[in-house]
Ligand SMILES: [Zn+2]
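Residue numbers (this note's numbering): 3 to 271.
Listed below in structure tokens is the structure:
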């Protein structure tokens, strides 16, 4: 599944290719992905120039004077920019052709992605999103304050997109290990000191992953969230039964909130 680093890398890759380009036409190769694709997109965006591209959580926001094109990669989506005469390939569902002869295509085999429109840049899907993990608001004070009296486990807490966006399963497991926090601890019982470590580790893991993504717009599709894209050495994720690099104990796998958690009982308390 494309995670925040892949979406950020997609944004950075698209930026020089589409900003300041003028739309020739918009083509819908099907009516819907996760939701219906608005039928008016061609009428709305034809002859309009892309002002900027932003990321909020895992949503890409392509901004025009007349409104914002919102895209989400879902479980298996990817975006590339090719010459407009390049034949479509299977699962190319949505296309924006620019007057410079290039075409931006959203490919999404499982169709959990989205193409939406907003007149003023706001959208109900964006309203409930928590803070961005790579921005200043995300720190120990924020996590400590938000978590007081919370009975849910710390892993579910940091994976809750209403708290902070983009901390997927791999990032949660790895950052909890690096911070020495038992993923089963109640969020409300984790100290401010531990939250300082945790917020710093989440930031550094996400940043490294973004850096390793480069600027190519190919191969973002991760079928199952496997760590193929995640070029960093994984310390616990997917390593059930291996020895912990720190203490030599066994890495264990448990299920929390229907997701696998990998951790070291001795290092994480
Ligand atoms: Zn250990």
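Think of the CB as a built atom: it goes at the ideal place given N, C-alpha and C, for glycine as much as any other residue.
All values derive from a computational prediction rather than experimental measurement.
Rounded to whole angstroms, the gap between the alpha carbons of residue 155 and residue 69 is 40 Å. With fewer than 16 other Cβ atoms inside 10 Å of its own Cβ, residue 137 counts as exposed. In the structure shown, residue 252 adopts extended strand secondary structure according to DSSP, grouped into three states. By the Cβ neighbour-count rule, residue 42 is exposed, with fewer than 16 other Cβ atoms within 10 Å of its own. Residue 133 and residue 141 have their C-alpha atoms spaced approximately 10 Å apart. Separation of residue 195 and residue 264 (C-alpha to C-alpha, rounded to the nearest whole angstrom) is 23 Å.
In the structure shown, residue 266 adopts extended strand secondary structure according to DSSP, grouped into three states.
Ligand 1 approaches residue 268 closely enough that one of its heavy atoms is under 7 Å from the residue's Cβ. At a cut-off of 7 Å, the beta-carbon of residue 248 counts as near ligand 1: some heavy atom of the ligand is closer than that.
Boundaries of the beta strand (DSSP E) harbouring residue 85: 80-85, taken from the DSSP string. Fewer than three pairs of CB atoms, one per stretch, sit closer than 8 Å, so the segment 21-30 makes no contact with the segment 173-193. Cβ contact annotation for residue 65 (same chain, cutoff 6 Å, sequence separation greater than five): 53 and 54, in chain order. Spanning the alpha carbons of residue 191 and residue 148 requires a straight line of approximately 12 Å.
Fewer than three pairs of CB atoms, one per stretch, sit closer than 8 Å, so the segment 233-243 makes no contact with the segment 35-49.
The nearest non-hydrogen atom of ligand 1 is less than 7 Å from the C-beta of residue 251. Secondary structure at residue 271: coil, using DSSP grouped into helix, strand and coil. Per the C-alpha coordinates, the member of 238, 248, 247 and 250 positioned closest to residue 256 is 238. Secondary structure at residue 44: helix, using DSSP grouped into helix, strand and coil. C-alpha of residue 266 to C-alpha of residue 254: approximately 6 Å in a straight line.
Judged by DSSP in its simplified three-state form, residue 211 adopts helix. Leaving aside the five residues that flank residue 251 on each side, the residues in its chain whose CB is nearer than 6 Å to its CB run, in chain order, 266 and 268. Cβ neighbours of residue 262 within its own chain (closer than 6 Å, five residues either side excluded): 255. Put simply, the segment 196-213 touches the segment 172-185. At least three CB pairs are less than 8 Å apart.
Within the same chain, Cβ atoms closer than 6 Å to the Cβ of residue 111 are found at 78 and 93, the five residues on either side in sequence being excluded. Residue environment for residue 176: buried (at least 16 other C-beta atoms within 10 angstroms of its C-beta).
Here residue 32 is exposed, its C-beta having fewer than 16 other C-beta atoms within 10 Å. Spatial neighbours of residue 173 in its own chain (CB-CB distance under 6 Å, excluding positions within 5 residues in sequence) are listed in chain order as 207.
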